[in-house]
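Numbering (this note's numbering), first residue to last: 56 to 138.
Encoded as structure tokens, the structure appears first; notes follow it.
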């Protein structure tokens, strides 16, 4: 019984570890079109092979500002963006 429990716990830890590493490479960005630094950061990841998982936009009624929400799936090995 102890061996079965140990095997089950080990398998659960492996699954949790792999699931966590898969989620760690997705990043959420929320910014406006007026935020040049955020636009450059998102473009950097897209230029280095990131895929868009989710994207949504919302325009403000008072001016031409657009709020952009993007989730990127960033490939492993892509260095972090340097600001």
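Don't be surprised by glycine CBs; every beta carbon is placed ideally from N, CA and C.
Remember, it's a predicted structure, so these values are computed and weren't measured experimentally.
Handout entry: Cβ pair residue 98, residue 133 closer than 8 Å
Key = no
Handout entry: Three-state secondary structure (DSSP) of residue 106
Key = strand
Handout entry: Proximity winner among 124, 95, 89, 122, relative to residue 135 (alpha-carbon distances)
Key = Out of 124, 95, 89, 122, 95 has the C-alpha closest to the C-alpha of residue 135.
Problem - DSSP state of residue 114 mapped onto helix, strand, coil - result: strand
Practice task
Can you tell me which of the three DSSP states residue 131 falls into?
Solution key: DSSP, reduced to helix, strand and coil, places residue 131 outside both helices and strands of the structure shown, so it counts as coil.
Practice task
Using the Cα positions of residue 110 and residue 85, report the straight-line distance between them to the nearest angstrom.
Solution key: 10 Å
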